[in-house]
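What follows is one structure encoded as structure tokens, with my remarks underneath.
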Amino acid sequence: MTTALKTENLTITYTGKREVTALNDVSVEFNENELTAIIGPSGCGKSTLMKSLNRLHEIQPNVDISGEVYLGTQPIYATDEPLPEIRRRVGYVPQKPTALPLSIYNNVAYGLKIHGNHSKAELDKLVKKYLQKVNLWEEVNDRLDAPGAELSTGQLQRLCLARSLAVEPDVLLCDEVTSALDPISAESVEETLKELKEEYTIVMITHSMNQAKRLADKVVFLYLGNLVEANDVNQFFEKPESERTKQFISGQGVVGEDESSDEEKQPATTAAQVL
Ligand SMILES: Nc1ncnc2c1ncn2[C@@H]1O[C@H](COP(=O)(O)OP(=O)(O)O)[C@@H](O)[C@H]1O
Ligand SMILES: [Mg+2]
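The sequence shown: position 10 = 228 (the numbering used here), numbered continuously.
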């Protein structure tokens with residue numbers, strides 16, 4: 219198993235009015251061509267961890283980061299590599315899909331135009347390739363010039379995936395990418411992720427235990443900024459090592475969870491309630 223990405227002793231503190239250590243000495247590995255799900259109650263540091271993986275914190279002040287993140291063997295903090303290149307290699311797909319104010323075609327071609335020097339024919343080919351990869355080509359090939367914003371949210375989320383893939387990242391970060399979608403759209407995005415993980419390293423935050431079971435190869439469980447357990451998905455759900463994991467798994471995802479729906483339940487415990 220090759221490690222595509224890993225954190226080493228990563229500690230992240232928000233140093234605003236109220237100082238919050240959102241991640242505490244977290245060392246975790248993400249394997250190549252696997253999907254790793256990050257789970258845990260609200261406020262436990264999931265988004266903070268994900269943002270650290272492509273240095274997304276640098277767009278806001280008052281964040282202290284110590285430790286390191288390695289892409290392969292290369293550090294992404296202590297490096298001379300330009301930030302846009304790091305962000306190209308580690309793509310980020312947000313929770314709420316948003317189209318650039320461009321056509322469907324140009325939403326996908328956007329990054330290709332920035333990062334490369336392709337002829338029109340090459341661009342056409344690549345746009346088709348990435349729309350096919352996210353199972354959107356059949357639905358939009360007759361209206362590539364229409365605004366991206368015209369698509370349904372489910373289609374839009376797949377368009378965002380295509381846009382991220384077009385710049386050929388090594389890793390794809392997906393922050394609850396199905397939670398804003400209706401169940402049918404969520405299912406189509408899940409199907410797409412299932413196919414993509416054969417070819418890409420994917421790190422996904424989810425609130426749904428069932429989604430983690432359906433999609434993940436590995437599960438990382440955070441609690442109050444600490445890494446509690448990171449394990450193979452079957453081991454994680456069937457033979458959890460930590461009491462905390464057992465409690466979390468049994469407290470959520472059993473009672474009344476509807477397999478056919480991706481309606482996200484808020485976790486019973488939030489950091490705010492515990493602190
Ligand atoms: N920009 C910020 N400034 C200050 N505190 C923050 C900021 N972002 C997150 N936090 C705090 O850090 C902790 C972890 O947040 P977050 O990573 O968003 O958790 P999760 O994604 O698991 O819900 C929480 O206590 C949250 O309130
Ligand atoms: Mg979050």
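All C-beta atoms in this analysis are idealised placements derived from N, C-alpha and C, irrespective of residue type, glycine included.
Open item on the list: Is P259 near ligand 1 - that is, is its Cβ less than 8 Å away from at least one heavy atom of it?
Closed with: Locating residue 259 in the sequence shown gives position 41, counting from the first residue. Checking every heavy atom of ligand 1 against the Cβ of P259, one is found closer than 8 Å.
- [ ] Reducing DSSP to helix, strand and coil, say where M219 ends up.
- [x] Indexing the sequence shown from 1 puts residue 219 at position 1. Coil at M219, not helix or strand.
Task: Expected contact under 8 Å - CB spacing of N353 and S403 to nearest Å - done: Residue numbering aside, residue 353 sits at position 135 when the sequence shown is read from its first letter. Residue numbering aside, residue 403 sits at position 185 when the sequence shown is read from its first letter. Between S403 and N353 the Cβ distance is about 12 Å, and since that is not below 8 Å, they are no contact.
Task: For L289 and D360, believed in contact at Cβ under 8 Å, the rounded distance - done: The residue labelled residue 360 in the question sits at position 142 within the sequence shown. The residue labelled residue 289 in the question sits at position 71 within the sequence shown. Contact doesn't hold; Cβ gap of about 39 Å is too wide.
Open item on the list: Using a 10 Å radius around the Cβ and a threshold of 16 neighbouring Cβ atoms, would you call L269 buried or exposed?
Closed with: Locating residue 269 in the sequence shown gives position 51, counting from the first residue. Here residue 269 is Lys; the residue named in the question, Leu, does not match the sequence. That one is buried.
TODO: Closer than 7 Å by C-beta to A364: which residues in its own chain qualify, once you throw out the five before and the five after it? Chain order, please.
DONE: If you number the sequence shown from 1, residue 364 lands on position 146. Around A364: S321 and I322.
Open item on the list: Tell me the rounded alpha-carbon separation between K338 and V345.
Closed with: By 1-based counting over the sequence shown, the position of residue 338 is 120. By 1-based counting over the sequence shown, the position of residue 345 is 127. Whole-angstrom Cα-Cα distance: 10 Å.
TODO: Determine, using beta carbons only, whether A398 and K314 come nearer to each other than 9 Å.
DONE: By 1-based counting over the sequence shown, the position of residue 398 is 180. By 1-based counting over the sequence shown, the position of residue 314 is 96. Going by C-beta atoms, A398 is nearer than 9 Å to K314.
Task: Start-end ranges of the beta strand (DSSP E) lying completely within the stretch 279-350, minimum 3 residues - done: 281-289 and 308-311
Task: Nearest-angstrom Cα separation, counted from K415 out to C392 - done: Residue mapping note: residue 392 aligns to position 174 of the sequence shown, counting from 1. Residue mapping note: residue 415 aligns to position 197 of the sequence shown, counting from 1. For C392 and K415, the distance between alpha carbons rounds to 12 Å.
- [ ] Could you name the residues of the same chain whose beta carbon sits closer than 6 Å to that of K224, not counting the 5 residues immediately before and after it, in chain order?
- [x] Along the sequence shown, one-based indexing puts residue 224 at 6. Correct list, in chain order: E247 and Y288.
- [ ] Starting from K436, trace the beta strand (DSSP E) both ways and give me its first and last residue.
- [x] Taking the first residue of the sequence shown as position 1, residue 436 is located at position 218. Looking at the DSSP string, the run of the beta strand (DSSP E) that includes K436 is K436 to Y441.
- [ ] Report whether the distance from the Cβ of K346 to the nearest heavy atom of ligand 1 is below 8 Å.
- [x] Numbered from its first residue, the sequence shown carries residue 346 at position 128. Checking the Cβ of K346 against ligand 1 gives no.
Task: Neighbouring residues (CB closer than 6 Å to any heavy atom of ligand 2) - done: K264 and S265
Open item on the list: Could you check whether the Cβ of Y232 sits closer than 8 Å to any heavy atom belonging to ligand 1?
Closed with: As a working mapping, residue 232 is identified with position 14 in the sequence shown. The answer is yes for Y232.
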